[in-house]
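Numbering (the numbering used here), first residue to last: 1 to 343.
Beta carbons are placed, not taken as given, at the ideal position from N, Cα and C, and that holds for glycine.
It should be emphasised that the depicted structure is a prediction, and the values quoted were computed from it without experimental measurement.
Structure first, then comments.
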Amino acid sequence: MYPDANSICFRVWKQCMALDPSNAAARVQLDATTKLVRRLEFEKAIASEDEEATSKRIRKLISEGACELDNSYTGPMLSKTEDGWKPSLEFIQGMLEWFKAGKTLPKRWVYEIILVVKLNRGNHETADMNKVYGFEGETKKKYSELCYKLFEEVFCALPLCCLVTASQQPESSEISKVPAKPFFDAEGRKRFFIVHGGLFSKDEVSFDELKKIPRMVRKQPGNEGLMMECLWTDPQDAPGRGPSKRGVGLGFGPDITENWCRHSGVTAVIRSHEVRDNGYSIEHEGRCITVFSAPNYVDQVGNQGGFVRINEHGTLAFTSFKHQPHPNIKPMAYAGGFMGLGG
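What follows is the structure, encoded as C-alpha cells:
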C-alpha cells in the first residue's frame, strides 16, 4: 500500500508509540509520516485512470490533514468562516508583500483559494495558453502536477460570462452619461454583460444559448462557436463584422454592439482581452467598455492597469493605476513556446 521507505518509517514510529504512548517526539514523527504517505498516495492517484474529479481528491486531501500548514510558515493567513477559509483585505495586502519578496503561498492556501474564489474565464484559462505563457510550467515548478490539474479543472468550470444588474434604477442625472442613450432591463435598471472577449458571429445570441454551452464537457474553446467567441473576439471601429488580427475570433462593430444590447436589454458590454494605454477605454458610443488590469504588460508595453466599479444605480467609476516593482523574474520565464497577442 505504501511506498517502501515511507512504509518502513510509518511502521517504526507506530511501534514506538505502541511501546511508549507518551513519547511526544514519536507522536510528531508519526503524524508527519502519516500526512506524507497520504499526500504521496493522492499524487500517485492523479496519474491513474481514475476519473474522480481532482477537486474531490483535493477536498479529501484537506479533510484528512495531508496538507496542513508548516509550523515555520509566517506569511498571510486566510480567515476561518462558517463556509470555510476566505481571503480578507488583510490577507490580500499581506500576500502582495509576500510575493514582492519572491515567496510563495503554502499548498493549503493555494487549494483553498482555487476552490472558493469565483471569476469569469478568460482566453488564458485554457490548456494551450497555460503552456505557451508559462502558467503550467510555473505551477508545476512551485507546487506540483496535482496543483496544476486542480487549476485546469477549475478553469473549465469558470463561467464564460455573467450579468451585473443594478439594484436600483439610475438617478436622473446619471442616465445620459455612459452610454449616451442606454438600454435597460425590463424593470428599468442598468445591466452590464461581463465577458472576456466580446460579441458573436451571429445576431441576437440569447442568454439561454450562452447558458447551454457545455463548458464542462468541451473544456477547451476550439477555433469556432460561442465558447471561443466569448473568449477571443474584439471590438472594431468599422461597422459590421471583420476578420480578427489574432487569427482566431472576429471583430464586431458599433452597430453589432448596439443591436445586441437593444435586443438583450443590456446597457453595455464590459470586456478585457486587449491592452489599453490608460487601463480602460470607452468604445462604441459607450456600449462597449474595455478594462485591462495588467499594468506594463509583459514588462514592455508601459500601459496603466485599470478597473471599474459599478454602484447600486449602475453608475460606472473608472480607476487607472501604474505598475509596481516586482521580483527580478523575466517575463515568460516559465513559458513553453512563443508569445501570443495581449489579453
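- Tyrosine 148 places its beta carbon 8 Å or farther from that of lysine 107.
- Measuring C-alpha to C-alpha distances from glutamate 285 to each of Gly302, Cys261, Ser63 identifies Cys261 as the nearest.
- Judged by DSSP in its simplified three-state form, phenylalanine 193 adopts strand.
- Taking all protein chains shown into account, proline 235 has 16 or more neighbouring C-beta atoms within 10 Å of its C-beta and is therefore buried.
- The beta carbon of methionine 227 is closer than 8 Å to those of Leu160, Ile213, Arg215, Arg218, Pro221 in its chain, skipping five residues each way along the sequence.
- Linking asparagine 296 to histidine 326 through their CA atoms gives a straight-line distance of about 12 Å.
- When beta bridges are read from the DSSP output, serine 281 appears opposite Thr290.
- With a cutoff of 8 Å on beta-carbon distance, glutamate 274 and phenylalanine 292 are scored as near each other.
- Going by beta carbons, threonine 165 and arginine 191 fall inside the 8 Å limit.
- Our two residues, glutamate 145 and threonine 139, have alpha carbons roughly 8 Å apart in a direct line.
- As the crow flies, the alpha-carbon of alanine 268 is around 6 Å from that of cysteine 288.
- Cysteine 161: member of the beta strand (DSSP E) spanning 161-165, first to last residue.
- If the five residues before and after leucine 199 are omitted, its C-beta is found closer than 7 Å to the C-beta atoms of Thr233, Phe252, Ile256, Thr257, Trp260, Val269, all from its own chain and listed in chain order.
- In the DSSP assignment, serine 55 falls within the unbroken alpha helix (DSSP H) covering 54-63.
- Of the candidates Pro170, Tyr133, Glu136, Cys230, Cys230 places its Cα closest to the Cα of glutamate 209.
- The three-state reading of DSSP puts threonine 139 in helix, counting H, G and I together.
- In this structure cysteine 162 is exposed. Its beta-carbon is surrounded by fewer than 16 other beta-carbon atoms within 10 angstroms.
- Contact annotation: phenylalanine 321 and glutamine 304 have beta-carbon atoms nearer than 8 Å.
- At a Cβ-Cβ threshold of 8 Å, isoleucine 62 and leucine 150 do not count as neighbours.
- Under the three-pair Cβ rule at 8 Å, the region 66-84 counts as touching the region 92-99.
- Boundaries of the alpha helix (DSSP H) around leucine 146: 145-157.
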